[in-house]
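The structure appears right after this line, and notes come after that.
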Amino acid sequence: MSPDRFEDHAWADIIPADLIQLYAPYQRETYVGPRPALVLIDLYNLAYRGGPVPPLSLMDQYPSSCGIYAHNAIEPTRRLIAAARTAGVPIFYCTSDNRPMAGLRGGGATRRRTSTAAVRLPDDFEIWSDFAPQQGDVIIRKQRASIFQGTPLLSHLNLLGVQSLIVCGESTSGCVRASCIDGYSNGLHVSLVEECTYDRHELVHKMNLFDLHHKYADVMHVEEVVAHLEASHPTRAAAG
């Protein structure tokens, strides 16, 4: 694979040439691994609150919203999920476990500074309607950033014979990053879908994509991943 193709991603406009040269030893072929599962990180309502506008304009009312970046990822993510369903790939969702637990303080995946005017709604951590889980999907409720930490995910993956992950969701710098590193650390090949992954700021998003791509995951375009899923199950894809 040529360096240009390996680096043909969202970070191309922010990473200087000397850093590309420094990270050149990481260059390799990128691919979707065998027997994949699709892992959808934190596609909950809270990330979409306030609509498709810059997150900075939502800070007072919806300080956890990813605004325009979340909404830009809706259609690519719908396309990815549809391809995974057609191909018969297992699908895992995760969301924050915000259920009250006696004797425990705090909780949640991150410690976010919030405004006193922030709106908190009962369905904040329910999955956004465009990605509604279907029968057979697994929903993991987690208390920390990674979908692996303190959850039965590995047991599910082992039972299904899953050997690799296709990952997307939010945020690139937070729960997506933690989950990709844990997936890699557990011996799974990780493919991270660029157009279906997002954060609250493009600089943070791009820098974390770059770092994950060169160390822990194959960052791939949604077109590549969908094409792989269709090619690996041509009969099912044609029927769909």
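Start counting the sequence shown at 2; every next residue gets the next number (this note's numbering). The beta-carbon is built from N, C-alpha and C at its ideal position, and this holds for glycine as well. The model shown is predicted, which means the values in this text are computed figures rather than measured ones.
Problem set entry | Selected residue, minimal CA-CA separation from alanine 232, among Pro153, Val90, Asp138 and Gly151 | As a first step, residue 232 must be located in the sequence shown, where it is residue number 231. Out of Pro153, Val90, Asp138 and Gly151, Val90 has the C-alpha closest to the C-alpha of alanine 232.
For this session: Would you check if the stretch 163 to 171 and the stretch 39 to 56 touch, i.e. whether three or more CB-CB distances between them fall below 8 angstroms?
Result: yes
Exercise. Cβ of serine 130 within 9 angstroms of Cβ of arginine 36?
Worked result: Position 129 of the sequence shown holds residue 130. Position 35 of the sequence shown holds residue 36. Not a contact, by the Cβ cut-off of 9 angstroms.
Problem set entry | Per DSSP, the bridge partner or partners of tyrosine 94 | For the purposes of this step, residue 94 is identified with residue 93 of the sequence shown, where counting begins at 1. Answer by DSSP bridge pairing, in chain order: Leu41 and Ile140.
For this session: With aspartate 183 as the anchor, note down where its alpha helix (DSSP H) starts and where it stops.
Result: Numbered from its first residue, the sequence shown carries residue 183 at position 182. Per DSSP, aspartate 183 is one residue of the alpha helix (DSSP H) stretching across 176 to 186.
Exercise. For the putative contact between leucine 210 and threonine 173, defined by C-beta atoms under 8 angstroms, what is the C-beta separation to the nearest angstrom?
Worked result: Along the sequence shown, read from residue 1 onward, the residue named residue 210 stands at position 209. Along the sequence shown, read from residue 1 onward, the residue named residue 173 stands at position 172. Right, their Cβ atoms sit about 6 angstroms apart.
Problem set entry | Contacting residues, own chain, Cβ-Cβ under 7 angstroms from cysteine 197 (five flanking each side not counted) | Translated into positions along the sequence shown, residue 197 becomes position 196. If we look at cysteine 197 and ignore the five residues flanking it on each side, its Cβ neighbours are Ala74, Pro77, Thr78, Leu81, Cys169 and Val223.
For this session: For the beta strand (DSSP E) containing histidine 222, list its first residue and its last residue.
Result: The residue given as residue 222 occupies position 221 in the sequence shown. Run containing histidine 222: none; DSSP gives neither H nor E here.
Problem set entry | Close Cβ partners of cysteine 181 (< 7 angstroms) along its chain, the five nearest in sequence each way excluded | Working through the sequence shown from its first residue, we reach residue 181 at position 180. If we look at cysteine 181 and ignore the five residues flanking it on each side, its Cβ neighbours are Val168, Val191, Leu193, Leu213, Tyr217 and Ala218.
Exercise. Looking only at C-alpha atoms, which of Met60, Leu39, Ser65 and Ile69 sits nearest to proline 53?
Worked result: By one-based count along the sequence shown, residue 53 stands at place 52. Of Met60, Leu39, Ser65 and Ile69, the residue nearest in Cα terms is Ile69.
Exercise. Where DSSP assigns a beta bridge to histidine 190, which residues make up the other side?
Worked result: Here residue 190 refers to the residue found at position 189 of the sequence shown. Ser165.
Problem set entry | Cβ shell of leucine 155 (< 7 angstroms), same chain only, five flanking positions each side left out | As a working mapping, residue 155 is identified with position 154 in the sequence shown. For leucine 155, where only same-chain residues beyond five positions count, the Cβ hits under 7 angstroms are Phe149 and Asn187.
Problem set entry | Check whether isoleucine 21 and glutamate 8 have beta carbons under 9 angstroms apart | The count along the sequence shown starts at 1 and reaches residue 21 at position 20. The count along the sequence shown starts at 1 and reaches residue 8 at position 7. The answer is yes: Cβ separation under 9 angstroms.
Problem set entry | Beta-carbon proximity of serine 66 to arginine 178, cut-off 9 angstroms | The residue labelled residue 66 in the question sits at position 65 within the sequence shown. The residue labelled residue 178 in the question sits at position 177 within the sequence shown. In this structure, arginine 178 does not lie closer than 9 angstroms to serine 66 by Cβ.
For this session: Run the CB neighbour count on leucine 189, radius 10 Å, all protein chains shown included, and call it buried at 16 or more, exposed below.
Result: Stepping through the sequence shown from its first residue, residue 189 is reached at position 188. Buried, since its Cβ has 16 or more Cβ neighbours within 10 Å.
For this session: Give the DSSP-derived three-state secondary structure of threonine 198 in the structure shown.
Result: Residue 198 sits at position 197 when you count from the first residue of the sequence shown. Strand, per DSSP.
Exercise. Out of Asp125, His229, Lys207 and Pro26, which has the shortest C-alpha to C-alpha gap to histidine 10?
Worked result: For the purposes of this step, residue 10 is identified with residue 9 of the sequence shown, where counting begins at 1. The residue with the shortest Cα to Cα distance from histidine 10 is Lys207.
For this session: Could you check what DSSP says for glutamate 231 in three-state terms: helix, strand or coil?
Result: For the purposes of this step, residue 231 is taken as residue 230 along the sequence shown, with counting starting at 1. The answer is helix: DSSP assigns glutamate 231 an H, G or I state.
Problem set entry | DSSP beta-bridge partners of isoleucine 128 | Locating residue 128 in the sequence shown gives position 127, where the first residue counts as 1. According to DSSP, which records beta bridges pairwise, isoleucine 128 is partnered with Tyr45.
For this session: Following the continuous alpha helix (DSSP H) through aspartate 212, name the residue where it begins and the one where it ends.
Result: Sequence index remark: in the sequence shown, residue 212 carries index 211 (1-based). From DSSP, the alpha helix (DSSP H) with aspartate 212 extends over 203 to 216.
Exercise. Among Asp124, Val163 and Asp183, which has the Cα closest to the Cα of valine 33?
Worked result: To locate residue 33, count along the sequence shown from 1; it is residue 32. The shortest C-alpha separation from valine 33 is found at Val163.
Exercise. Roughly how far, in whole angstroms, is the beta-carbon of histidine 229 from the beta-carbon of threonine 87, given that I think they are within contact range, below 8 angstroms?
Worked result: Mapped onto the sequence shown, residue 229 falls at position 228. Mapped onto the sequence shown, residue 87 falls at position 86. The Cβ separation is near 12 angstroms, so there is no contact.
Exercise. Mind checking tyrosine 199: buried by the 16 CB within 10 Å criterion, or exposed?
Worked result: On the sequence shown, position 198 is the one that residue 199 refers to. Buried is the call here.
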